[in-house]
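The working numbering applies: residue 16 is where the sequence shown begins, and numbers increase by one. Ideal Cβ positions, reconstructed from N, Cα and C, are used throughout, including at glycine. The structure presented is a predicted model; accordingly, all values stated were derived computationally and were not measured. Have a look at the structure below, then the notes.
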Amino acid sequence: MRSNVFILYTGGTFGMKSNANQELEPSSWEEIIDYLPAIKNQTFFHYFSEVNFTFQTLEPVVDSADITPEAWERIAKKIEENYEQHDGFIVIHGTDTLAYTSSALSFIFENLNKPVVLTGAQLPIFHPRTDGIVNLSNAIYIAGYKSFNLACIPEVCICFNDDVLRGNRAVKTSTNDFEGFSSPNYDNLANLEQHISVNKHLVHKGTNKALVLRTKFSNRVVNVTLFPGYSTLPLLDLVKNNKLDGIVLKTFGAGNIPNSPHWDELLEACEQSKTILFATTQCPNGQIELGQYAASSALLSPIVVDGKDITSESALTKLMWVIGNFGVEERSHILGQNIRGEMSVSK
Ligand code: ASP
């Protein structure tokens with residue numbers, strides 16, 4: 016069966032070449048496509064002969080260190096504009112902030128009914144040992160699922176190496192391993208080995224409700240990782256001076272914080288200024304359980320939202336998105352709900 020796949024190139028190592036100073040910089044899609052024979056010449060290399068491609072570039076192409084919430088909005092709008100005419104979408108993106116973008120897009124789209132597959136590479140497409148060809152080819156199978164008799168994955172996901180991961184569950188775990196991403200608290204949505212298997216029971220169900228986009232993100236947030244000897248005073252200062260709307264608090268283990276008289280003061284200041292504290296764990300694996308230890312009981316407060324097993328990238332983008340799109344009264348409730356499969360409800 017024919018399928019229509021939209022590919023959006025945003026930059027990243029996938030398409031990078033060395034400049035005069037031997038630093039890697041993104042090049043144009045026109046240069047890249049010459050290195051993708053199976054896509055460029057679909058008649059000769061018949062693998063993708065059933066797939067109609069649309070290519071677009073999100074200008075300017077960037078190292079993903081320069082991706083911004085405005086870029087997330089532009090990516091989402093490109094997908095929205097092309098939604099009806101296509102069966103699946105691929106976003107080629109740098110790996111450094113890929114898990115932030117995949118989390119952000121997952122929150123932007125409500126009622127998503129088609130695959131949005133993010134991918135990239137550890138070695139440029141111009142390199143003889145590139146992983147870019149295999150990553151993009153795998154992404155085409157997932158986005159163009161109809162042509163390959165595969166189950167649809169109607170969610171924002173990351174396709175990297177031989178894994179398909181839920182976008183808001185993924186983290187970048189290696190700067191050089193071809194297995195660059197993992198999903199510590201949720202199993203793979205699909206595995207691409209010699210055969211491709213979609214783990215249907217883990218994938219969102221499709222919907223026939225209309226796609227809804229909420230694209231705003233607030234940057235009045237901070238990500239605070241606790242450490243032994245941590246002082247709450249700098250944070251208290253920011254909250255009292257009304258500089259923040261939200262804080263991701265990366266606690267020790269299952270939600271523990273160091274004993275300090277200033278926590279009460281901080282929580283009170285947060286309550287007064289309606290600054291949300293989103294409690295998560297700094298452990299890559301597992302979830303918080305506030306109240307399990309006496310060392311976490313100070314966080315059993317209405318201003319603190321339990322982040323369960325959410326990843327750091329997902330927590331931060333969710334907080335930015337909730338503040339950007341919802342009023343003060345609704346924020347804590349939405350933040351604490353599992354809305355796109357980003358956190359486990361039973362925990
Ligand atoms: N610095 C690059 C980027 O994120 C790294 C990569 O793509 O692997 O754009």
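**Q.** Span of the beta strand (DSSP E), counted from its first residue to its last, around G103
**A.** 103 to 107
**Q.** Residues near S364 by beta carbon distance below 7 Å, same chain, minus five either side
**A.** No information on residue 364 is available, as it lies outside the stretch 16 to 362 that the chain covers here.
Q) Is it right to say A225 is buried, meaning 16 or more other beta carbons lie within 10 angstroms of its own, or is it exposed? A) exposed
Q) Taking the C-alpha atoms as reference points, what is the distance between N56 and T222? A) 35 Å
Q | Cβ neighbour criterion (16 or more within 10 Å) applied to M31 | A | buried
Q) For the candidate residues T145, D177, N214, V149, whose alpha-carbon lies nearest to that of A166? A) N214
Q) Would you say A185 and A114 are within 8 Å of each other, going by their C-beta atoms? A) yes
Q: Go through the stretch 83 to 138 residue by residue and report every complete run of the beta strand (DSSP E) that reaches 3 residues or more, in order.
A: 103 to 107, 131 to 134
Q.
With the cut-off set at 8 Å, would you say N200 and S359 are in Cβ contact?
A. yes
(Q) Given 7 Å as the limit, tell me if L259 has its C-beta closer than that to any heavy atom belonging to the ligand NAP. (A) The ligand NAP is absent from the structure shown, which contains only the ligand ASP.
Q.
Less than 7 Å separating the Cβ of S197 from some heavy atom of the ligand ASP?
A. no
Q | DSSP state of M16 mapped onto helix, strand, coil | A | coil
Q: Run the proximity test for D146: is its beta-carbon closer than 7 Å to any non-hydrogen atom belonging to the ligand ASP?
A: no
**Q.** Cβ-heavy atom distance, Q297 to the ligand ASP, below 7 Å
**A.** no
Q: Could you tell me the boundaries of the beta strand (DSSP E) in which A174 lies?
A: According to the sequence provided, residue 174 is Cys. The question's Ala does not apply to it. Its beta strand (DSSP E) spans residues 171 to 175.
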